[in-house]
Amino acid sequence: MVFKIKNISCIGAGFVGGPTMSVMASKCNDLFFHVVDINDERIDAWNNEDLSRLPIFEPGLKEIIENTRNKNLLFTTNIKAAIESADIIFISVNTPTKTRGIGAGKSSDLKWVEACARQVAEFSKGHTIIVEKSTLPVRTAEVIQKILNSATSDLENAKKSFSVLSNPEFLAEGTAIRDLENPDRVLIGGEDKSAMLLLSQIYENWVPKEKILFTNIWSSELAKLTSNAFLAQRVSSINSISAICEVTGANVREVSRAIGKDSRIGSKFLDSGPGFGGSCFKKDILNLVYLAEYFGLKEVAKFWEEVVNINNWHQKRIAQIVVQKLFGTISSKKIIILGFAFKANTNDTRESAAIRICKDLIYEGAELIIHDPKVSMLQIEKDLQIKQFSSGKNENIDYLNNNIGNWQFSNNLNIFDDAHAVLVLTEWEEYKYIEWDKVAKRMVKPAWIFDARSIVNIDLVKKSGLNLWSLGDGSQQGTKDEI
Ligand code: UDX
Ligand code: UDX
Numbered sequence: 073m074v075f076k077i078k079n080i081s082c083i084g085a086g087f088v089g090g091p092t093m094s095v096m097a098s099k100c101n102d103l104f105f106h107v108v109d110i111n112d113e114r115i116d117a118w119n120n121e122d123l124s125r126l127p128i129f130e131p132g133l134k135e136i137i138e139n140t141r142n143k144n145l146l147f148t149t150n151i152k153a154a155i156e157s158a159d160i161i162f163i164s165v166n167t168p169t170k171t172r173g174i175g176a177g178k179s180s181d182l183k184w185v186e187a188c189a190r191q192v193a194e195f196s197k198g199h200t201i202i203v204e205k206s207t208l209p210v211r212t213a214e215v216i217q218k219i220l221n222s223a224t225s226d227l228e229n230a231k232k233s234f235s236v237l238s239n240p241e242f243l244a245e246g247t248a249i250r251d252l253e254n255p256d257r258v259l260i261g262g263e264d265k266s267a268m269l270l271l272s273q274i275y276e277n278w279v280p281k282e283k284i285l286f287t288n289i290w291s292s293e294l295a296k297l298t299s300n301a302f303l304a305q306r307v308s309s310i311n312s313i314s315a316i317c318e319v320t321g322a323n324v325r326e327v328s329r330a331i332g333k334d335s336r337i338g339s340k341f342l343d344s345g346p347g348f349g350g351s352c353f354k355k356d357i358l359n360l361v362y363l364a365e366y367f368g369l370k371e372v373a374k375f376w377e378e379v380v381n382i383n384n385w386h387q388k389r390i391a392q393i394v395v396q397k398l399f400g401t402i403s404s405k406k407i408i409i410l411g412f413a414f415k416a417n418t419n420d421t422r423e424s425a426a427i428r429i430c431k432d433l434i435y436e437g438a439e440l441i442i443h444d445p446k447v448s449m450l451q452i453e454k455d456l457q458i459k460q461f462s463s464g465k466n467e468n469i470d471y472l473n474n475n476i477g478n479w480q481f482s483n484n485l486n487i488f489d490d491a492h493a494v495l496v497l498t499e500w501e502e503y504k505y506i507e508w509d510k511v512a513k514r515m516v517k518p519a520w521i522f523d524a525r526s527i528v529n530i531d532l533v534k535k536s537g538l539n540l541w542s543l544g545d546g547s548q549q550g551t552k553d554e555i
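The number in this note's numbering is simply the position in the sequence shown, starting from 1, with 72 added.
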C-alpha cells in the first residue's frame, strides 16, 4: 500500500512549532495541520480573534495565520485526536537544561520528549512518521524509537509502526517567517529512505530540491547542535575582541567590517552586543559539553564551555562599566533600560542579556525604568524575580542590604526626566531615531548613554553634550591609562 501524507500534527505550539506549522500550512494547501499543546492558555492565544494578541510576535506571522487558521491549520489541546489522525507528527516541545540529577546544568531534560513519545505510542494508528524538530542531544531518536518499539511489542498494538526522523529547525526569532519560507537548507536525518522522501516532498512545495540535505540521523542531530555552537562562538569571539578594542582605541565595528570581507570568514554574525541570549545557544553548547564529557573528551568540553563562560563574563562587564562611569555608584540613580528582549523583533526574553545586566544594576542600588516595545511588564517581573516598584511602595527593600534598587516598566519613551544614564540593550529600530538633543535637556548632568548595540546616532548624542560609551569603540573611550 502506498503511504500518502494527508494529516500533519505538531506537538508544542511554541516559538518553533507555531511559526513552522503556519508556514507549512500556507505552502501546502492540500495538507491539514494540527498544532497541539498542553498549555490551554497558549492555544487560546493562538486562536485569538485579535491577531495582535497571538502568543508570540514575529514579523509576517499575523498575515499567515489570517490566511490559514481554521482552514488547513487548527490550534487545539486535543492531543489524542491530533495523534490519531496524523501521518506525520513533529515534536517541538521544550527541552530545558536539567536542573537536578545526572547532567544537571548541562544536559537537556528530555521528560517532555519522552512524554510525547509515550502519547504517540498510545494514540497513533497505522504507520506514523515521527519528526524531531526540537533541538535534542545526539541519539535522542534512539530513545524515541525504543519507546515506540515497546508500544508495538504487545499484540494489540502490533498494527502500529513508526519511522523516526530528525529534521532540526534553523529559524532565528525575529526572522522566523523569512527563514522558514526561504531556508538556507532543510536537513533530514534518518534511516528509513521512504519516510525521508515523503518529508522531503512536503518541503519541495516551496524549497528547491538542492537545498534539501539527507544525512544519517546522528549527523542531523549533531549538525543542529554544532550549528548553534558555531554561531554562539562567533558572537563570543567578537564580543571578546570588543573588550580589546575598548582598551586599545580600536573600534570593533571597523574590525568586524575588515575581517568580514574575508570570504572565508564572511560578514554575518559579527555584531558585537551585550552577549548572546535566546533559548538555544547556551542550552545547545552545554549539551555539546555534556556529550564531550560523557565520552571522556575533556579538552573538547572545556573548549566549548568557554564560549558560555565568556558570554557570562561579558554581560557582567557591561553592568560594571555602567557603575564605573557613573562615579563608582549608581545607588538611587535613575537609569533607563532600552530593550529587554534577547534581540529585536521578538517578544522572547529567554536568556536575554538584559536579565543579568538589570539584576546586577538593581543590586547596585539603581532605579531602573525598563522599556521594550513587545515584552510585557509581567514577563520582566518573572525574569527578574523582583517585583516592580509601584505607587511609592518598594517591596524589594532588602533589610540586610538596603542598597537594593528597584525597577518600573514603561511602554512609552517619555521616561528620560532626571535620568543619569540610558543603556541600550536591544537593537529595536525605534531606538535609532531617538532625538538625543531633546532627551539631553531632561537628563541629569553629566549624563551617559551606554550603547551595547551600536545603534544610536553618535553625532547627535555628542552634539547634545551627552557622554557616550559605545560597546567595543575604543575611540570613544580613550586608552586604558585614561579609564
Ligand atoms: C523549544 C526548545 O526551546 C528548542 O530547543 C527546540 O528546538 C524546540 O522547542 P520553543 O518552541 O521556542 O523551542 O519552546 P516553547 O516556546 O517553550 O514551546 C514548547 C511548547 O511545548 C510549550 O508551549 C509547551 O506547553 C509545549 N509542550 C511541552 C507540550 O505541548 N507538551 C509537552 O509534553 C511539553
Ligand atoms: C538561533 C539560531 O540562529 C537559529 O538558527 C536556531 O534555530 C535557534 O537559535 P535565535 O536564538 O532565535 O536563533 O537568534 P539569533 O539571531 O541566532 O541570535 C542569538 C543571540 O545572539 C541574540 O541574543 C543576538 O542578539 C545575538 N547576536 C547575534 C549578536 O550579539 N551578534 C550577532 O552578530 C548575531
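Just so it is clear, CB atoms sit at the ideal spot from N, CA and C, and this is done for glycine as well.
Can you tell me the Cα-Cα spacing of residue i and residue j, whole angstroms?
i	j	result
R114	E204	21 Å
K78	A176	41 Å
H492	I441	11 Å
R389	L497	13 Å
D251	P131	11 Å
I80	P91	14 Å
F414	F367	33 Å
D256	Q273	17 Å
G400	L410	22 Å
L538	I476	27 Å
K281	S308	34 Å
I521	I151	50 Å
V192	K405	55 Å
E377	L360	9 Å
N221	P209	20 Å
A248	G261	22 Å
E156	S196	5 Å
A295	E214	16 Å
A267	N101	21 Å
G550	P346	Any reading at G550 is ruled out, since the residue's pLDDT is 42, under 50, leaving its predicted position unreliable.
N607	P127	Nothing in the structure corresponds to residue 607, since the chain is present only between 73 and 555.
K178	A373	11 Å
Y471	Q396	Note that Y471 scores a pLDDT of 46, beneath 50, so its modelled location is shaky; the value from the coordinates is reported in the next line. Looking at the two C-alpha atoms, the distance is approximately 25 Å.
S238	S292	6 Å
W118	S235	29 Å
E135	G246	15 Å
I316	N484	35 Å
R336	E263	33 Å
N384	P518	30 Å
A416	S233	43 Å
Residues in the same chain with beta-carbon distance under 7 Å from residue i, minus the five sequence neighbours each way, listed in chain order, please.
i	result
R190	I219
I487	I408, I441 and H443
F286	I260 and M268
A125	Per the sequence shown, the amino acid found at residue 125 is Arg instead of Ala. Contacts found: A117.
K231	G198
For residue i versus residue j, is the C-beta distance shorter than 8 Å?
i	j	result
S344	V324	yes
W500	L532	no
G563	A425	Missing from the structure shown is residue 563; the chain here goes from 73 to 555 and no further.
Q460	W479	yes
T421	V394	no
I284	I161	no
E253	V88	no
V185	T212	yes
I427	L398	no
H106	L146	yes
F574	L297	Since the first and last residues shown for the chain are 73 and 555, residue 574 lies out of range.
G437	S482	no
T148	A97	no
Between residue i and the rest of its own chain, which residues show a CB-CB distance below 8 Å, the 5 nearest in sequence each way excluded?
i	result
C352	T207 and N300
Can you list, in chain order, the residues of its chain whose CB lies under 6 Å from that of residue i, leaving out five sequence neighbours each side?
i	result
S542	D523, S526 and Q548
A322	G546
D432	A391
V380	K354 and I357
L270	I77
V511	F488
V494	I408 and I521
S536	W508, D509 and A512
#### Entry: Entirely enclosed alpha helix (DSSP H) segments - the segment 126-206, minimum 4 residues
133-140, 151-157 and 183-195
### Query
Mind pulling the beta strand (DSSP E) runs of 3 or more residues that sit fully within the segment 363-440?
Runs found: 406-410.
### Message
To test your reading of the DSSP string, which unbroken alpha helix (DSSP H) runs of 4 or more residues are found completely within the segment 298-352?
### Response
324-332
### Query
Just the residues with CB closer than 7 Å to a heavy atom of ligand 1, in chain order, which are they?
I83, G84, A85, G86, F87, V88, G89, V108, D109, I110, N111, R114, S164, V165, N166, T167, W184, A187, C188, K205, S206, T207, E241, S351, C352 and K355
### Task
Starting from the N-terminal side, write out each stretch of the alpha helix (DSSP H) that is 4 residues or longer and does not extend beyond the segment 491-528.
508-514
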